[in-house]
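Scroll down for the structure; my scribbles are underneath it.
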Amino acid sequence: MKKFVIMMISVFFLLNIVHFSVKADDDHDHKKYKYYKGDWGDDHDFDDDDEEDNEYYYNERTENSMSITSQWYLWTRLAGTIKGELPFSEPQNITFQHKISKEQLSLYCIPMNGELFIPGKRVGEFLGAKASFYPTSRILELNLNHTELIFRSDTNVSYENKMKTPIPAKAMFFNEDVYLPISVVANGLGFSIVWDAKQEVIYFQEMNN
């Protein structure tokens, strides 16, 4: 009987630890969602008509920006640019390689709406960033050196070092990750992108190297 009581106390203690850990994660997730919810707004979009919130970019996002072709490998940080051609047209596994370390990673990529979508958390970690994903609000946070990037699924908005910034297409939740245009993740973390058509490899290289 004594052993049974001790066992029940132990089980109760373990269950409370698990509950506390899950509750802590939920609270962190809720705080992250609540902090950015007001800025994202109900429509979750970067609104071209919202001059007050987007004052920093207002002068740049004029009709002249429509003449700029937005290449899939460059994050121009402009809304409403013309889309360029993609290196391939069907979803497939693509090999990524770091130019310096030579480390490789194979990931499922989705070409869509003139952008090449990649799993943001996986690619961010591959590039050396600390990645935090909050499943309830589907928010992805990437931190590398002095750069913080925050994204939310189903929005075309990012927060780059707390500055509200447009991204070229809406982020989407797929395969337990937030899929983002590759240019946003790579360029945002300080990497350039090179496509090797013969090898079908995407190379990442630090811009300051």
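Residue numbers (mature numbering (1 follows the signal peptide of the UniProt record, and there is no 0)): -24 to -1, 1 to 185.
Glycine included, every Cβ here is placed at the ideal spot set by N, Cα and C.
Everything numeric in this text was worked out from a predicted model, so none of it was measured.
Item: 8 Å Cβ cutoff met for Thr71 and Thr57; Value: no
Item: Cβ contact check for the segment 79 to 94 and the segment 123 to 136: 3 or more pairs under 8 Å; Value: no
Item: Proximity winner among Asp153, Glu61, Pro67, Ala55, relative to Ile143 (alpha-carbon distances); Value: Ala55
Item: Selected residue, minimal CA-CA separation from Lys106, among Asn119, Val161, Arg98; Value: Asn119
Item: The segment 75 to 90 contacting the segment 174 to 183, beta-carbon criterion three pairs below 8 Å; Value: yes
Item: From Tyr135, Trp48, Leu116, residue whose alpha carbon lies closest to that of Lys59; Value: Trp48
Item: Extent of the continuous beta strand (DSSP E) to which Ile178 belongs; Value: 177 to 182
Item: Phe64, DSSP secondary structure in three states; Value: coil
Item: Where the alpha helix (DSSP H) through Arg98 begins and ends; Value: 96 to 102
Item: Length of the line joining the Cα atoms of residue 189 and Arg53; Value: Past the edges of the chain, shown from -24 to 185, lies residue 189, and the structure says nothing about it.
Item: Ranges of the alpha helix (DSSP H) found wholly within the segment 118 to 176, counting only runs of at least 4; Value: 158 to 164
Item: Other residues of its chain near Ser134: CB distance less than 7 Å, five sequence neighbours each side excluded; Value: Leu125, Ile126, Phe127, Thr141, Ile143, Val160
Item: Nearest-angstrom Cα separation, counted from Gly100 out to Ile86; Value: 17 Å
Item: Own chain residues within Cβ distance below 7 Å of Glu136, not counting five before or after; Value: Leu125, Gly164
Item: Val154 versus Asp130, Leu83, Phe64, Leu81, residue with shortest Cα-Cα distance; Value: Asp130
Item: Among Leu116, Leu62, Glu79, Leu83, nearest to Gln68 - alpha-carbon criterion; Value: Leu83
Item: Residue closest to Leu103, alpha-carbon to alpha-carbon, out of Phe167, Ala173, Arg114, Glu117; Value: Phe167
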